[in-house]
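In this text, residue positions in the sequence shown follow my numbering: the first is 2, and each later residue adds one.
Idealized CB from N, CA, C, for every residue including glycine.
Fair warning: this is a prediction, and the values are worked out from it, not measured in the lab.
To start, the structure itself, in structure tokens.
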Amino acid sequence: SETETTTFAPLEERAITFPLPEKVPFTLKCIPEFIVENIVSFLVYIFRYIPTLFEDIGCSKMEPIVTFLLTYMGSSSHMKNPHLRARLAEGLDAFVPNRDDLTILNISTYQRTRLFTHHPHKGEMVKMVMKVFVSIEMTGQSVQFEQKFNYRRPMYQILKYLWQITEHELCFKALACEAEANMEAVEAPLFLRFINLLINDAIYLLDESLSNMAKLKEMQTAHANGEWNSLSERESAENMRLMNHTGRLAQYDNTLAKDTTFALQQITSEITSVFTHPTIVDRVAGMLNYFLLNLVGPNRKNFKVKNLDDYAFDPKQIVLDIIKIYIHLKDSDAFCLAVSQDGRSYSPSLFEFAEDVLVRVDYGCLLSELREVAEKVARKAIEYMENEEALAEAPDHYLDPIMSTLMKDPVILPSSKKTVDRTTIARHLLSDQTDPFNRSALSMDQLIPDVALKAEIDNFIRERQKKTKPEANEIFIETMEMD
């Protein structure tokens, strides 16, 4: 009709259903972004200054707002601006109850709790938060490197709260099962991409955190020893400015590092299969070993500064979370093997250092399980060494060109024609969908199995196994078949 062709006014009210229709309404182009920005700013304002208002208006009146947030937060086709979608997550965070600050103020959170337990689209909450978490880093959706951490901070709070609710925890587990079944799919599963980025964040933030704390320690020591007394007034003021600036950076990184580490600890308490998959297990083990060594080893004194609380540095909690992750993953042979083969940070003394720290912080309740981890890792190290000796003379073309390890499932990259291990390239493609040798576009479905080379490697292994103990052979076969 003439009315339909000359107006952009909504002519029909439709219920929101997920997944959203693929066809995006043309009228969305007519809505200024500042309207969405204003909604989020208003929600954040209420949360910070008059949080009781959420309780006063009730769950039923907040439901449409949350539906709006969920609808656009996880859909890059309906809302193309990644910054704006990240801001929507901040809006959802404003509704999250059970915060320490609300408890201190004795503010009721009943209505907000119902919002997360009775909302008609509550089953989409975990997925939508993960989608926007991932999308702010994906190709074509990227934001400034440092800015992404500001955006993700409220997402950690949302996910932390959702995990505590059984229905939402089941959503986490369902996404993990989907990921496990599709680890080598053309498009990496959402949960796998989320975990990969979570690990990336943990590595970067913990590294920055410790680096800044070490710098602070040096500056505080120099100042206390009077080394600045001989400097000019201008130089002394500049040093003080730099120390204060480093302190602010440390506080920011420490807060986020603690959130990220806790998120990993929380998720691994119930979900382990994705973390112990060959695609990702080496990175998990290397990360845990490196930061545990720094926090409990001889270098830990380098991070001991005055007034730790001023910089939100809580090494005790981070160490406990890291140790709990080891314990959560200890039943995986692949994980224990990966821990033992981390040449950068692992040694038998690593867990001895950790045990000493547990005793000093009154967490002896974790000692028996940590010792179980240490014993299993040590056994895997011995078993692997025996098998490595048997395979020490492997020809160079049997080795992965990136990792220099014996390939288990060699594949040919179609563009560069290089042969690499499937696990190695799968790990690379999680973060960068290009051929690492020539930067051309690449996806898992383009990999070409090198059947002949695999047969050669398998035959080489069998021949070498004849010269080793039968029980060691069985262990090695299991290790090679973990993929």
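With H, G and I counted as helix, E and B as strand and the rest as coil, what does DSSP make of residue i?
{"i": "Pro98", "result": "coil"}
{"i": "Ala189", "result": "coil"}
{"i": "Ile328", "result": "helix"}
{"i": "Leu232", "result": "coil"}
{"i": "Leu371", "result": "helix"}
{"i": "Leu21", "result": "coil"}
{"i": "Ala16", "result": "coil"}
{"i": "His79", "result": "coil"}
{"i": "Pro52", "result": "coil"}
{"i": "Gln342", "result": "coil"}
{"i": "Ser348", "result": "coil"}
{"i": "Met63", "result": "helix"}
{"i": "Phe292", "result": "helix"}
{"i": "Ala393", "result": "coil"}
{"i": "Lys216", "result": "helix"}
{"i": "Val306", "result": "coil"}
{"i": "Phe314", "result": "coil"}
{"i": "Lys467", "result": "coil"}
{"i": "His122", "result": "coil"}
{"i": "Ser136", "result": "helix"}
{"i": "Met74", "result": "helix"}
{"i": "Asn388", "result": "helix"}
{"i": "Asn201", "result": "helix"}
{"i": "Val275", "result": "coil"}
{"i": "Leu85", "result": "helix"}
Return the chain-ordered list of same chain residues with a C-beta closer than 8 Å to the C-beta of residue i, the five sequence neighbours on each side being excluded.
{"i": "Asp459", "result": "none"}
{"i": "Phe451", "result": "Note that residue 451 is Asp in the sequence shown here, rather than Phe. Excluding residues within five positions, the ones whose Cβ falls inside 8 Å are Pro411, Val412, Ile413, Thr420."}
Which residues share a DSSP beta bridge with residue i?
{"i": "Asp422", "result": "Pro411"}
{"i": "Ala442", "result": "Thr435"}
{"i": "Pro450", "result": "Val412"}
{"i": "Leu400", "result": "Leu407"}
Near residue i, which residues of its chain fall below 7 Å by C-beta distance, leaving aside the five closest residues on each side in sequence?
{"i": "Leu351", "result": "Asn290, Leu293, Leu294"}
{"i": "Gln266", "result": "Asp322, Lys325, Ile326"}
{"i": "Thr1", "result": "One cannot answer for residue 1 here, as it falls past the ends of the chain, which runs 2 to 484."}
{"i": "Ala395", "result": "Leu407, Phe461"}
I'd like to check one pair, residue j with residue i: are the Cβ atoms closer than 7 Å?
{"i": "Ile413", "j": "Thr420", "result": "yes"}
{"i": "Ser346", "j": "Thr277", "result": "no"}
{"i": "Arg88", "j": "Val41", "result": "yes"}
{"i": "Val275", "j": "Ile323", "result": "no"}
{"i": "Leu71", "j": "His122", "result": "yes"}
{"i": "Val127", "j": "Cys60", "result": "no"}
{"i": "Met214", "j": "Phe304", "result": "yes"}
{"i": "Ile17", "j": "Thr68", "result": "yes"}
{"i": "Val25", "j": "Met74", "result": "no"}
{"i": "Val97", "j": "Tyr50", "result": "no"}
{"i": "Ser416", "j": "Val187", "result": "no"}
{"i": "Phe43", "j": "Ala95", "result": "no"}
{"i": "Glu125", "j": "Phe192", "result": "no"}
{"i": "Tyr157", "j": "Asp260", "result": "yes"}
{"i": "Leu93", "j": "Ile159", "result": "yes"}
{"i": "Glu286", "j": "Asp343", "result": "Per the sequence shown, residue 286 should be read as Ala rather than Glu. Yes; because the gap between Cβ atoms is below 7 Å, this pair is in contact."}
{"i": "Thr280", "j": "Arg428", "result": "yes"}
Below 6 Å CB to CB, which residues in the same chain sit around residue i once its five sequence neighbours on both sides are set aside?
{"i": "Tyr152", "result": "Ala87, Ile137"}
{"i": "Leu454", "result": "Pro411"}
{"i": "Ala313", "result": "Gln252, Asn255, Thr256"}
Answer yes or no: the CB of residue i versus the heavy atoms of the ligand FAD, is any distance below 6 Å?
{"i": "Glu34", "result": "What this structure holds is no ligand at all, so the ligand FAD is not there to describe."}
Quick check: the region 240-258 against the region 334-347, are at least 3 beta-carbon pairs closer than 8 Å? Contact between the region 334-347 and the region 240-258 is absent: fewer than three C-beta pairs spanning the two stretches fall below 8 Å.
Exercise for review: Evaluate contact between the region 397-413 and the region 355-371, counting only Cβ atoms and requiring at least three cross-stretch pairs below 8 Å.
Suggested key: At 8 Å Cβ cutoff, the stretches do not touch.
For this session: Please determine if the region 176-188 and the region 253-261 are in contact, where contact requires at least 3 C-beta pairs separated by less than 8 Å.
Result: Contact fails between the region 176-188 and the region 253-261, because fewer than three Cβ pairs, one in each stretch, are under 8 Å apart.
If we count Cβ pairs, one from each stretch, closer than 8 Å, do we get three or more for the region 187-204 versus the region 217-236?
Taking a cut-off of 8 Å on C-beta distances, the region 187-204 does not touch the region 217-236, as fewer than three cross pairs fall below it.
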